[in-house]
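Here the structure comes first, spelled out in structure tokens, and everything after it is commentary.
There are 2 protein chains.
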Amino acid sequence: MKTRKHSRQRDAVMNCLMARHDHPTADAVYLSVREEFPNVSLGTVYRNLNLLADSGEIRRLNCGHGPERFDGDTHPHYHFICRECGQVTDLPMDVLEQMNAEAQECCGGQIDNHITYFYGVCRECLDKAKE
Amino acid sequence: MKTRKHSRQRDAVMNCLMARHDHPTADAVYLSVREEFPNVSLGTVYRNLNLLADSGEIRRLNCGHGPERFDGDTHPHYHFICRECGQVTDLPMDVLEQMNAEAQECCGGQIDNHITYFYGVCRECLDKAKE
DNA sequence: TTATAATTAGTAATGGTTATCATTATTGAA
DNA sequence: TTCAATAATGATAACCATTACTAATTATAA
Chain X
1 MKTRKHSRQR DAVMNCLMAR HDHPTADAVY LSVREEFPNV SLGTVYRNLN LLADSGEIRR
61 LNCGHGPERF DGDTHPHYHF ICRECGQVTD LPMDVLEQMN AEAQECCGGQ IDNHITYFYG
121 VCRECLDKAK E
Chain G
1001 MKTRKHSRQR DAVMNCLMAR HDHPTADAVY LSVREEFPNV SLGTVYRNLN LLADSGEIRR
1061 LNCGHGPERF DGDTHPHYHF ICRECGQVTD LPMDVLEQMN AEAQECCGGQ IDNHITYFYG
1121 VCRECLDKAK E
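Chains as they are written, first to last, in my numbering: chain X, 1 to 131; chain G, 1001 to 1131.
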């Protein structure tokens, strides 16, 4: 197996994800990391995002449209996606673990986890619509 | 606005999705439709899948990896994805509408619906692993 | 140091999906 | 039953997000 070596570019990717909470795309992370490493390659960003996601240090989000997003917060939590502006926000509610048990009963196989995305219109877009 | 004209290719796409319950990808639908229309174009399949999905006659599924899938069953229901074989199956359990209300409370915006994917290992893959 | 192997920047390639366009099919009205 | 208007098609090119490749660089452990 491969031993991981330290890399300052990977640190920058990780730091970016810990610092921001808007669930950036790979491209957004790339733009961010480029401020510190102007010649960083987009491939390097992708490679490290995948490395970190595969090792469980960050999480991948698939909101149903648009490119993949990434989340530095690995605690189980739900997300809300505004269908107007597309922003992805965390929902401060508990994950319903019993859903897995319910699914288990009608599934036959083994349920490990679930992922839920809520869709609607965010506060800002609602306010904008009122004007 | 555009009035929709009838098309036999679109019928074939729709029929394919009503007939099978394995949530096929666009390419799988394409192969299916080609049995009736040997020169149907992949673009035509994509165009009609999007048309039908946008008008609510079918549903798009994003399982978190791999290409988009489509579902002829538009009733709200949950899906299970086997991480071994990748198959996507319907879960015969009720959708928890109250989840939307819970999310609403901590959201600020307006929650319209939610999508949940359950992940794990299906019966067949569990059995295979035992051998 | 130095050897080894992981990582990188740069770039080409890939895969899924969408756009373009000339031709064909569907439709409603004459 | 024409016939014009226009939606839909097949073929293909373009697009975009992501991955693969490669020679050069960097981190690590001996």
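Positions of the beta carbon are idealized from the N, C-alpha and C atoms, including for glycine. Keep in mind the model is a prediction, meaning the values are calculated, not measured.
According to DSSP, residue i sits in a beta bridge with which residue or residues?
i: ASP90/X; result: HIS79/X
i: LEU61/X; result: ARG69/X
i: GLY43/X; result: Paired residue(s): none; GLY43/X is not in a bridge.
i: HIS1006/G; result: Looking at the DSSP assignment, HIS1006/G forms no beta bridge with any residue, so it has no partner.
i: GLN104/X; result: GLN104/X pairs with nothing; no bridge assigned.
i: GLN1110/G; result: VAL121/X
i: THR1025/G; result: ARG1069/G
i: ALA1116/G; result: Just to set this straight, residue 1116/G is Thr in the shown sequence, not Ala. In the DSSP output, where bridge partners are listed per residue, THR1116/G has THR116/X.
Since residue i and residue j should fall inside the 8 Å C-beta cutoff, what is the C-beta to C-beta distance between them, to a whole number of angstroms?
i: ALA26/X; j: LEU49/X; result: 6 Å
i: PRO76/X; j: VAL45/X; result: PRO76/X to VAL45/X, Cβ: 25 Å. No contact.
i: HIS1114/G; j: MET1099/G; result: 6 Å
i: GLU1097/G; j: CYS1125/G; result: At roughly 31 Å, the Cβ-Cβ gap does not stay under 8 Å, so GLU1097/G and CYS1125/G are not in contact.
Given a limit of 7 Å on CB to CB distance, which residues of the stretch 1061–1076 of chain G reach chain X?
ASN1062 and GLY1064
Count Cβ pairs between the stretch 1115–1123 of chain G and the stretch 97–108 of chain X that sit closer than 8 Å; are there 3 or more?
yes
I want to know whether the stretch 30–40 of chain X touches the stretch 73–93 of chain X - three or more CB-CB distances under 8 Å.
no
Any C-beta of chain G within less than 7 Å: which residues of the stretch 104–115 of chain X qualify?
CYS106, CYS107, GLY108, GLY109, GLN110, ILE111, ASP112, ASN113, HIS114 and ILE115
Going along the chain, which residues of the stretch 41–57 of chain X sit with their C-beta nearer than 8 Å to a C-beta in chain G?
The residues in question: there are none.
Interface positions of the stretch 1115–1129 of chain G facing chain X (Cβ-Cβ less than 9 Å), listed along the chain:
ILE1115, THR1116, TYR1117, PHE1118, TYR1119, GLY1120, VAL1121, CYS1122, ARG1123, GLU1124, CYS1125 and LEU1126
Of all the residues that make up the stretch 84–95 of chain X, which are near chain G by a beta-carbon distance shorter than 7 Å?
Taking 7 Å as the Cβ-Cβ cut-off against chain G, the residues of the stretch 84–95 of chain X that qualify are LEU91, PRO92 and MET93.
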